[in-house]
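Below is one structure, written out as structure tokens, with a few remarks after it.
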Amino acid sequence: MSLQQTITKLVMKLPGGLLVKMAGGKPLTIRGRTLEPQLQLMAWNGRNAPPLSSLPAETVQAVTKETLASVAAPIEPGVRTEDLTIPGPNQNQIPARIYRPDGQDPKAPLMVYYHMGGGVIGDLETCHAWCSILASRVKCPVLSVDYRLAPQHKFPAGIDDCCAAYEWGMRNAAKFGAPEGVAAVGGDSMGGNFSAIIAQEMQREDKPLPAMQLLIYPAIDLVEEFPSRKEFSETFSLSTDTMDWFMEQYLPEGFDKSDKMLSPGQTGHLDGLPPAVVITAGHDPLCDEGDDYARRLKDAGVPVIHKCYDNLAHAFTAFTLISPGSRKACLEIADMVRTVYSKL
């Protein structure tokens with residue numbers, strides 16, 4: 011752990027009331043949901059940062075990587091990692107990382123995981139600690155995928171890489187001590203979007219479905235304007251301005267945002283999809299669409315575990331070093347996945 015990480019962690023251990031005083035003096039409450047003090051201080055410290063939309067994409071990618079590294083937790087003990095490459099769909103090679111826990115359950119499917127970042131930022135380090143929690147707690151191998159990013163690689167490069175990685179993971183799961191011919195998908199934010207799309211696309215193409223889908227504060231619908239998009243439009247970890255900027259970088263000009271490979275919430279029929287764990291954050295412009303998708307899945311007869319963490323913000327899986335609530339939530343989410351696995 012770096013000196014900066016150590017200092018940050020010590021500061022965040024101060025009493026909640028003191029942290030709130032350091033962060034403007036008044037708890038941040040919207041919809042009756044009070045943001046965790048540690049996250050409020052994080053938001054306060056970044057209040058004067060320029061909006062991402064005012065910066066070149068390459069600068070945003072570099073700055074975000076540095077910022078997340080400063081709050082990144084170490085990986086869980088007893089988890090081994092190995093970097094590898096996966097054949098991509100366009101004669102490209104997709105960087106990936108496999109996580110294997112001590113005491114791995116040979117019956118637990120491989121989880122293919124996609125990091126957050128709006129299709130524009132993020133890499134294998136973004137979800138490094140979180141993937142190790144998943145592997146350690148669920149006792150399954152986790153394959154983290156470093157898909158191509160926009161604007162260097164516009165849509166559909168990222169989702170194409172993710173589909174290819176899922177099918178590769180399914181074919182090669184036995185190499186990692188998991189059941190052959192099956193894999194789960196999971197991701198947070200844009201990674202949750204990709205996971206939901208893959209589940210639907212495999213069904214449309216009559217291909218083997220994922221064992222389950224883990225959707226953490228997913229971007230589900232780029233068309234509908236859910237109320238949370240306005241009420242939480244200035245959330246420090248994802249503002250609506252940032253969301254718009256992501257899509258400007260990610261999509262070709264004039265692209266139809268209702269497309270099935272972009273907005274899984276626009277799909278009318280959800281019956282027959284794999285079991286789902288759907289997680290939302292209370293302070294997040296994406297909260298309502300994630301909650302709505304969980305409800306629609308349930309109404310379609312899909313087994314769903316759904317929870318909204320009212321006091322946390324978008325991207326909380328990356329804040330486990332400094333945010334007790336974020337780490338607790340991540341442990342609980344991993345337990346939800348383990349519960350679904352036990353019923354497969």
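If you number the sequence shown the way my numbering does, the last residue is 354 and the count never jumps.
Just so you know, even glycine gets a beta-carbon here, dropped at the ideal spot from N, CA and C.
Values in this document were obtained by computation on a predicted structure and should not be read as measured data.
One or two residues paired with residue i in a DSSP bridge
i	result
K317	I289
R43	I40
S154	R107 and Y123
A363	Residue 363 lies beyond the range of the chain shown here (11 to 354); nothing can be said about it.
Proximity below 7 Å, CB of residue i to CB of residue j
i	j	result
R233	K267	Residue 233 is actually Val in this sequence, not Arg. Yes.
F186	L120	yes
M126	M212	no
P111	S146	yes
A193	A183	yes
F165	L24	no
H293	Y227	no
A53	F246	yes
T330	A59	no
P295	T250	yes
A106	G129	no
S209	L283	Before going on, a small fix: residue 209 reads as Ala here, not Ser. Going by C-beta atoms, A209 is nearer than 7 Å to L283.
G196	D231	no
F236	D156	no
Cβ shell of residue i (< 8 Å), same chain only, five flanking positions each side left out
i	result
T39	L45
C137	Y123, H125, M126, S154, D198, G201, T327 and A328
Close beta carbons around residue i, own chain, < 7 Å, minus the five adjacent residues each side
i	result
D301	T290 and C318
Residue i: CB within 6 Å of a non-hydrogen atom of the ligand PLP
i	result
G191	Inclusion of the ligand PLP in the displayed structure is not the case, the ligand content being empty and no account of it being possible.
Own chain partners of residue i with C-beta closer than 6 Å, once the 5 adjacent residues on each side are dropped
i	result
Y109	V89, T91, C141, S142, A145 and V152
M22	Q48 and I332
E346	The amino acid occupying residue 346 in the given sequence is Met; Glu does not appear at that position. So the qualifying residues of the chain are V287 and I315.
Q: Please go through the stretch 157-235 and give each complete beta strand (DSSP E) segment of 3 or more residues, from N-terminal end onward.
A: 193-198 and 223-226
Q. Counting only runs that start and end within the stretch 55-130, where is the alpha helix (DSSP H) found for 4 or more residues in a row?
A. 67-80
Q) Is the stretch 331-339 touching the stretch 47-61 in the sense that three or more CB pairs, one from each, lie closer than 8 Å? A) yes
Q: Decide if the stretch 150-157 is in contact with the stretch 220-232; the criterion is three or more beta carbon pairs, one per stretch, under 8 Å apart.
A: no
Q: Check whether the stretch 59-66 touches the stretch 251-264, taking contact to mean three or more Cβ pairs, one atom from each stretch, closer than 8 Å.
A: yes
Q | Any alpha helix (DSSP H) of 4 or more consecutive residues that is wholly inside the stretch 235-307 | A | 238-241 and 250-260
Q. Should the stretch 87-105 be called in touch with the stretch 166-174, which here means at least 3 C-beta pairs below 8 Å?
A. yes
Q.
Quick test of the definition: if touching needs 3 or more C-beta pairs under 8 Å, does the stretch 240-254 touch the stretch 301-311?
A. no
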